[in-house]
Amino acid sequence: MKESITIKEIARRLHISPSTVSRALQNSPRISVQTRQAVHELAEQLQYFPSITARNLRQGRTGIVAVVLPEIRENFFSEVVNGIEEVVFAAHSTVALYQSHDRYDREKQILETLASNQVDGVLLSVAKESQQFGHIQRLLDRRIPIVLLDRIPPKINTHQVECNMEKGAFEATKWLARRGCQRIALLNGPQPLVASEERYRGYIKALIEAKLSVENSLIKRVDLTTADITEKMNQLLDTARPDAVLAFNDYVALDAMQVCRSRGKRINQDISFVSFANLPLTTYLEYPPLASVEQHPYKIGFTAAEILMKINDGTLNGAELQKIVLEPELVIREEKTVNL
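Positions 2 to 341 (my numbering) are the ones given, in order, by the sequence shown.
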């Protein structure tokens with residue numbers, strides 16, 4: 002890029018105004034085809050490149066979109082980031098990525114920092130520890146657009162994109178019941194997560210429809226750590242004796258399956274597993290979970306970023322809240338994918 006070449010220089014050489022050059026470079030129909038062609042040809046000859054930073058400043062923007070996620074090492078959130086980047090980079094903006102590591106204090110610190118710095122908007126999936134959400138509301142009060150994705154906190158009135166986890170849990174539990182499972186356990190996620198409550202509702206609804214008993218001893222919450230998953234799975238084997246487990250996600254299922262193996266259980270024979278996330282790595286396992294609910298993380302990220310970009314370019318009124326719920330898919334590994 003040659004810094005000496007400016008719109009004013011192009012205008013001087015073509016004997017037209019800088020505003021005409023600017024409009025021509027944007028292919029404005031207000032400028033004649035002949036003038037547009039002359040401007041583009043000279044810009045290419047002089048190796049002129051427009052300053053995106055300058056454009057953003059003129060429009061009162063920074064060109065930066067903040068993305069705050071629990072953990073990007075998880076395949077699910079990596080796919081979310083891929084979807085976000087596809088949209089943001091196409092809009093000539095930049096992604097600033099932050100991780101809360103599932104900690105409330107860290108998430109709060111990140112959002113407070115963003116509130117005092119200029120960003121064009123925030124894409125947020127809340128930490129599992131978060132039970133208070135004043136830090137999110139403060140950003141909204143400062144008129145910073147926020148789109149919540151996947152993990153949606155309650156009572157925050159803003160744009161959101163998620164997958165229908167209640168339906169996913171319902172179909173997964175119903176599928177296990179159709180296979181003849183009678184004692185289906187639920188290894189659910191932390192209580193603060195709305196997604197955990199959605200899984201619980203779908204699970205209970207499916208048990209009732211299948212005329213299976215609802216037993217508290219078959220329901221365990223885990224904090225998503227290996228240690229807690231191990232403890233809760235051992236409790237299920239000791240007291241509830243399940244013949245199947247619906248796990249919060251594939252990571253929870255994999256840890257729970259390891260416990261079962263250590264106790265001499267044959268996976269998907271003595272005890273069957275179904276989970277969420279449909280991780281690619283499960284295809285390399287000799288005995289993966291029988292099925293997994295596909296949550297479409299790429300599409301979640303892509304859709305959330307689209308909403309934010311439309312708010313920024315004025316094609317979507319920020320006050321017209323978008324609440325997008327994607328349909329899940331039950332991926333049955335011994336059969337074909339079933340659309341829910």
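Just so you know, even glycine gets a beta-carbon here, dropped at the ideal spot from N, CA and C.
Counting every other CB atom within 10 Å of its CB across the protein chains shown gives residue 172 a total of 16 or more, marking it as buried. When the beta-carbon positions are compared, residue 206 and residue 232 stay at least 9 Å from each other.
DSSP, read as helix, strand or coil, puts residue 295 in strand. Residue 129 sits close to residue 224, with the two beta carbons spaced by under 9 Å.
Within the DSSP secondary-structure output, residue 324 pairs in a beta bridge with 161.
One thing to note: residue 92 has its Cβ no nearer than 9 Å to the Cβ of residue 67. In the three-state reduction of the DSSP assignment, residue 67 falls in the strand class, which pools E and B.
Less than 9 Å divides the Cβ of residue 119 from the Cβ of residue 65. Apart from the 5 residues on each side of it in sequence, residue 314 sits with its Cβ closer than 8 Å to the Cβ of 92 in its chain, given in chain order. Annotation for residue 90: the continuous alpha helix (DSSP H) segment containing it runs 76 to 91.
Put simply, the stretch 245 to 254 touches the stretch 185 to 197. At least three CB pairs are less than 8 Å apart. Between residue 140 and residue 112 a beta carbon distance of about 6 Å is seen, short of the 8 Å cut, so the two are scored as contacting. Residue burial annotation: residue 175 is buried, with at least 16 other C-beta atoms found within 10 angstroms of its C-beta. For residue 331, the closest C-alpha among the options 291, 301 and 246 is that of 291. Residue 270 and residue 74 have their alpha carbons spaced roughly 31 Å apart. Around the CB of residue 209, fewer than 16 other CB atoms lie within 10 Å, so the residue is classed as exposed. Setting aside the 5 residues that flank it on each side, residue 200 is surrounded in the same chain by 166, 167, 169, 170, 187, 189, 190, 247, 249 and 277, each with a C-beta closer than 8 Å to its C-beta; the list follows chain order. Residue 124 sits close to residue 309, with the two beta carbons spaced by under 9 Å. Boundaries of the alpha helix (DSSP H) around residue 135: 135 to 142. Bridge pairing for residue 181: absent [DSSP]. Burial state of residue 214 is exposed, judged by a 10 Å Cβ sphere holding fewer than 16 other Cβ atoms. Bounds of the alpha helix (DSSP H) holding residue 206 are 195 to 210. Judged by DSSP secondary structure, residue 33 falls outside any alpha helix (DSSP H); it is assigned neither H nor E. Contiguous beta strand (DSSP E) elements confined to the stretch 219 to 291 occur at 220 to 222, 245 to 248 and 273 to 277, taking only those with 3 or more residues.
When the Cα atoms are used, residue 132 and residue 70 turn out to be separated by approximately 16 Å. In this structure, the straight-line span from the alpha carbon of residue 88 to that of residue 303 is close to 6 Å. Between residue 241 and residue 182, the alpha-carbon positions lie close to 14 Å from each other. Taking the C-beta atoms as reference points, residue 80 is found no nearer than 9 Å to residue 285. Sorting 35, 184, 40 and 34 by C-alpha distance to the C-alpha of residue 22 places 40 at the top. A direct Cα-Cα distance of roughly 25 Å separates residue 325 from residue 109.
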